Amino acid sequence: IAALALVGKAYSGGVMPLYDWASNALLFFQFLAIPFALIASLVLCESYVWRGVVGSLLLAALMYLYSVVNPSFSVVSSVVMCMMGVAVFLMFLYLVYMLGARGSEALRAAAIKRMGMHEFRRGTLASSFLFVTTAIMYMKKRRLLSTLTLLQVVASIVALTAFSSLAPVNIVRTGFVVMRTGITHEEALAIKGRYGMPPDVMDRITVDMLQGLAGDDFYVAPRCVYYPVPTSSGLFLVLSANNRTVSILNGAVVGVSPIEYHKLLGSTTEGESLYWTPLSVILPDSIARRLNVTVGDEVEIRGIGRAVITGILWAHGQRVIDLDGFNLMPVRPTMSFALSYRTPAASAQRAVPAFIH
6 IAALALVGKA
16 YSGGVMPLYD
26 WASNALLFFQ
36 FLAIPFALIA
46 SLVLCESYVW
56 RGVVGSLLLA
66 ALMYLYSVVN
76 PSFSVVSSVV
86 MCMMGVAVFL
96 MFLYLVYMLG
106 ARGSEALRAA
116 AIKRMGMHEF
126 RRGTLASSFL
136 FVTTAIMYMK
146 KRRLLSTLTL
156 LQVVASIVAL
166 TAFSSLAPVN
176 IVRTGFVVMR
186 TGITHEEALA
196 IKGRYGMPPD
206 VMDRITVDML
216 QGLAGDDFYV
226 APRCVYYPVP
236 TSSGLFLVLS
246 ANNRTVSILN
256 GAVVGVSPIE
266 YHKLLGSTTE
276 GESLYWTPLS
286 VILPDSIARR
296 LNVTVGDEVE
306 IRGIGRAVIT
316 GILWAHGQRV
326 IDLDGFNLMP
336 VRPTMSFALS
346 YRTPAASAQR
356 AVPAFIH
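Throughout, the working numbering is defined as the position within the sequence shown, counted from one, plus 5.
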């Protein structure tokens with residue numbers, strides 16, 4: 006109950022989906038996760054010979070699988086998450102130590118069974134170790150009380166996993182879209198759904214409803230950002246053309262409507278047109294030079310397919326500030342401050358000029 010109350014308070018306080026606040030919550034719940042892992046290892050692996058070895062190997066394998074499927078430590082690069090990574094690493098070292106100790110016990114037991122050898126040792130027993138073993142013994146005797154206690158810790162572990170996930174949220178901003186050159190576009194209303202998967206955030210029904218509310222005085226321009234599937238080496242967006250391949254670290258694809266692109270970036274794009282094909286792409290000039298392509302050529306986008314280049318975005322066109330104070334280009338996913346609403350607009354310029362589709 007206490008753990009669930011803490012989770013509810015954290016959510017009601019607006020922890021999610023801000024990475025900074027979520028990191029603080031993760032750090033708090035980590036103090037419950039580490040003792041639970043130690044107690045669980047003693048409860049599950051407090052047996053001799055091969056059962057202890059198998060239990061330690063199983064826990065180590067589960068921790069390794071968790072680090073593979075959970076991208077929190079590779080996506081979010083902050084001091085708090087690094088501290089958590091160190092804590093998980095220490096837990097892994099503890100499991101390795103347990104495996105080594107149980108391995109020696111297994112070999113000793115096998116030797117006694119085969120050769121009948123007996124070994125007697127005498128040493129001091131720390132009071133803390135006696136306390137832990139006594140606690141484990143009473144946990145096994147009082148199963149109901151132990152279960153209720155562990156359920157509270159398990160709820161905290163569930164909260165730990167929930168806070169490391171990505172929850173959708175809608176943000177509404179009104180104002181003007183301003184370029185660094187001083188050009189101010191018409192007044193607009195931005196509705197951003199972050200950390201979501203289409204069509205959960207902005208589906209066709211929502212777009213039609215907004216268009217009906219806006220009337221003829223405004224235009225509705227849906228926009229989405231696509232990041233490639235993360236790998237063990239990071240997020241790489243791979244483009245190929247003319248026997249050349251460019252791998253963009255933390256690259257992304259921004260999907261926009263033609264009318265929005267024409268109004269915001271049309272004057273800074275070579276060959277830009279309102280008439281696009283379903284797989285039209287506009288590349289920044291830096292990527293176009295590396296691929297040696299121009300308007301009308303085709304480029305292969307790994308995970309998407311072949312697209313026709315309908316425009317080349319010049320460098321000064323990549324400095325457009327959106328309504329929320331961030332760059333129009335996709336943010337760098339490995340920088341937590343780029344996703345925080347408290348970040349000033351100047352810091353948001355450290356975005357990835359990938360390409361606009």
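Beta carbons are placed, not taken as given, at the ideal position from N, Cα and C, and that holds for glycine.
The structure displayed is predicted, hence computed values, not measured ones.
Reduced DSSP category for residue i - H, G, I as helix; E, B as strand; rest coil
{"i": "LYS118", "result": "helix"}
{"i": "SER245", "result": "strand"}
{"i": "LEU254", "result": "strand"}
{"i": "LEU194", "result": "strand"}
{"i": "THR139", "result": "helix"}
{"i": "THR274", "result": "strand"}
{"i": "THR299", "result": "coil"}
{"i": "ARG147", "result": "coil"}
{"i": "THR282", "result": "coil"}
{"i": "LEU153", "result": "helix"}
{"i": "SER82", "result": "In this prediction, SER82 has a pLDDT of 44, which is less than 50 and means its spatial position is unreliable; nothing more can be read from the coordinates."}
{"i": "ALA293", "result": "helix"}
{"i": "ARG185", "result": "Residue confidence is low: ARG185 scores 44 on pLDDT, short of 50, so the model does not pin down where it sits. No coordinate-derived value is stated."}
{"i": "PRO358", "result": "Legend: pLDDT at PRO358 = 34, less than 50; position of this residue unreliable, value from coordinates given subsequently. Correct three-state label for PRO358: coil."}
{"i": "PRO349", "result": "Unreliable placement is indicated for PRO349, whose pLDDT of 34 sits below 50; the coordinate value is still reported in the next sentence. In the structure shown, PRO349 sits in coil (DSSP, three-state: anything other than H, G, I, E or B)."}
Residues near residue i in its chain [Cβ-Cβ closer than 7 Å; skip 5 each side]
{"i": "ASP290", "result": "ILE317, LEU318, TRP319 and ALA320"}
{"i": "GLY276", "result": "VAL300, THR315, GLY316 and ILE317"}
{"i": "LEU242", "result": "PRO233, ILE253, GLY256, ALA257 and ALA359"}
{"i": "ASP282", "result": "Note that residue 282 corresponds to Thr in the displayed sequence, not to Asp. Only VAL313 meet the Cβ criterion."}
Terminal residues of the beta strand (DSSP E) in which residue i lies
{"i": "LEU288", "result": "285 to 289"}
{"i": "GLY310", "result": "310 to 318"}
{"i": "ALA219", "result": "Premise fails: ALA219 lies in the alpha helix (DSSP H), 209 to 219, not in any beta strand (DSSP E)."}
{"i": "TYR266", "result": "No beta strand (DSSP E) holds TYR266; the alpha helix (DSSP H) holding it covers 263 to 270."}
{"i": "GLY260", "result": "258 to 260"}
{"i": "TYR231", "result": "229 to 231"}
{"i": "VAL225", "result": "VAL225 -> no beta strand (DSSP E), and no H or E assigned at all."}
{"i": "VAL304", "result": "303 to 306"}
Sequence-distant residues of the same chain with beta carbon closer than 8 Å to residue i, five excluded per side
{"i": "ARG295", "result": "ARG249 and VAL251"}
{"i": "VAL225", "result": "VAL212, LEU215, GLN216 and ALA219"}
{"i": "LYS146", "result": "none"}
{"i": "GLY310", "result": "LEU284"}
{"i": "GLU265", "result": "TYR224, ALA226 and ARG228"}
Own chain partners of residue i with C-beta closer than 6 Å, once the 5 adjacent residues on each side are dropped
{"i": "SER170", "result": "Low confidence applies here, because SER170 scores a pLDDT of 49, under 50, leaving its location unreliable; read the following figure in that light. If we look at SER170 and ignore the five residues flanking it on each side, it has no Cβ neighbours."}
{"i": "LYS118", "result": "none"}
{"i": "SER151", "result": "MET144"}
{"i": "SER245", "result": "GLU305"}
{"i": "ASP222", "result": "none"}
{"i": "TYR346", "result": "Unreliable placement is indicated for TYR346, whose pLDDT of 33 sits below 50; no coordinate value is reported for it."}
{"i": "TYR231", "result": "VAL258"}
Minimum Cβ-Cβ distance from residue i to chain C less than 8 Å
{"i": "SER252", "result": "This model lacks chain C altogether; it includes just one protein chain."}
Practice task
Mind the definition here: the segment 302 to 311 touches the segment 242 to 252 only if three or more C-beta pairs lie below 8 Å; say whether that holds.
Solution key: yes
Handout entry: Segment contact, 8 Å Cβ cut-off, at least three pairs: the segment 290 to 299 with the segment 257 to 265
Key = no
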